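A quick write-up on the structure given underneath.
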Amino acid sequence: MSKGKLEKFAMIKAYKNCVEPTMEEVMKTGIHLKGKWNSEFFKNKNPITVELACGGGEYTVGMAEMYPDRNFIGVDIKGNRIWKGATKAIDKKLDNVGFLRTRIDFIANCFAQNEVDEIWITFPDPQKNKNRRRKRLTNKLFLARYQQFLKTDGKMRLKSDSTFFYEFTKEIILEKNLEILFDCDDIYTKYIPQNPDSQLAKELSIKTFYENMWLEKGKTIKYIEYRLTNLKIKKDERLF
Ligand SMILES: C[S@@+](CC[C@H](N)C(=O)[O-])C[C@H]1O[C@@H](n2cnc3c(N)ncnc32)[C@H](O)[C@@H]1O
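Numbering-wise, the numbering used here puts 218 at position 167 of the sequence shown, and it's gapless, one number per residue.
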């Protein structure tokens, strides 16, 4: 019999690989693991990758299997999706995986300066409606938050089916003169077949739940990798 939501929520509370901070922690004091993910959660000094909007955690788990010497943290607000990823990581006995259930809006209270090496964003909702701009996970407001804990030479890595969201992200990259490390508007036609043995092709071949859905509908998949190193946001600037 499949598990209900309440049962899943109870399970993630008991899971050692799940962290569910209180609103007080995420909004005010900062979570207890801020600056201590390596020393207190993973108990090693390995580099940390954070996957935002991780859903069922396909990237978090897939990358953790690929790189046992790195640590991976999936972040999402939906408990039943976190349960899916966390259960998979437990079944696979992966000790380099964590899941953080919180709103990404408060992410700067979850990690300390320079604590994170990479941020993946996988198939975020494009939030096309103009008055939802503030919700788009690559707008300037969110980038300013990520900059507070991403290492100076750390990478942003976005995989998306949405031309709208990909172009919105690129507009900000160009406006802010950010360094683009890799950019492809159709990875399954223009990059993976030509470079099947590259590490990037292996990473990009991991497919998420939403990705499979979009691929079935014939959408092309875009991927862009960039740095926030030179990001400067003025006080009076429009952030989204
Ligand atoms: C379209 S789904 C993509 C899930 C997964 N990455 C995939 O590709 O299958 C977007 C996910 O982002 C999460 N999400 C969106 N905005 C969020 C926010 N502000 N804070 C936390 N999670 C958020 C949703 O809960 C949802 O699981």
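Cβ coordinates follow ideal geometry from the N, Cα and C atoms, glycine included.
On a predicted model such as this, the values are computed, not experimentally measured, just so you know.
Point to revise | Cβ neighbours of residue 220 in the same chain (closer than 7 Å, five flanking residues each side left out) | key: 189, 209, 275
Check your understanding: Out of curiosity, what's the CA-to-CA distance linking residue 201 and residue 213?
Key -> 25 Å
Check your understanding: According to the neighbour-count rule (16 or more other Cβ atoms, all chains shown, within 10 Å of its Cβ), is residue 248 buried or exposed?
Key -> exposed
Check your understanding: If residue 153 sits next to residue 128, beta carbons under 8 Å apart, how far is it from one beta carbon to the other, in whole angstroms?
Key -> 7 Å
**Study point:** First through last residue of the beta strand (DSSP E) which encompasses residue 122
**Key:** 122-127
Check your understanding: According to DSSP, is residue 233 helix, strand or coil?
Key -> strand
Review point. For ligand 1, is there a heavy atom less than 7 Å away from the beta-carbon of residue 261?
Key: yes
**Study point:** Which of helix, strand or coil DSSP assigns to residue 52
**Key:** With a pLDDT of 49 at residue 52, under the threshold of 50, the modelled position of this residue cannot be trusted, and the question is left open.
Exercise for review: Would you decide whether residue 272 is buried or exposed? Buried here means 16 or more other CB atoms lie within 10 Å of its CB.
Suggested key: buried
**Study point:** residue 167 versus residue 145: straight-line alpha-carbon distance, rounded
**Key:** 19 Å
Check your understanding: If you scan the segment 171-238 from start to end, which runs of the beta strand (DSSP E) of 3 or more residues do you find wholly inside it?
Key -> 201-211, 231-235
Check your understanding: Counting Cβ pairs, one atom from each stretch, are 3 or more of them under 8 Å apart for the segment 75-82 and the segment 92-102?
Key -> no
Check your understanding: For the beta strand (DSSP E) that contains residue 276, what are its first and last residues?
Key -> 273-277
Check your understanding: Is residue 149 closer than 8 Å to residue 124 when the C-beta atoms are compared?
Key -> yes
Practice item. Could you tell me whether the Cβ atoms of residue 192 and residue 70 are closer together than 8 Å? Key: no
Practice item. Report yes if the C-beta of residue 219 is less than 7 Å from at least one heavy atom of ligand 1; otherwise report no. Key: no
Exercise for review: Return yes when at least one heavy atom of ligand 1 lies under 7 Å from the C-beta of residue 73, else no.
Suggested key: no
Practice item. Report whether the distance from the Cβ of residue 273 to the nearest heavy atom of ligand 1 is below 7 Å. Key: no
Check your understanding: Whose CA, out of 263, 109, 78, 66, lies closest to the CA of residue 254?
Key -> 109
Check your understanding: Looking at the unbroken alpha helix (DSSP H) that takes in residue 255, where does it start and where does it end?
Key -> 250-255
Check your understanding: Who are the Cβ neighbours of residue 96 in its own chain at under 8 Å, not counting the five residues just before and after it?
Key -> 89
Point to revise | Close Cβ partners of residue 52 (< 7 Å) along its chain, the five nearest in sequence each way excluded | key: Its pLDDT being 49, under 50, residue 52 is placed unreliably in this model, and the coordinates cannot settle the point.
**Study point:** For residue 175 and residue 259, the rounded distance between their alpha carbons
**Key:** 11 Å
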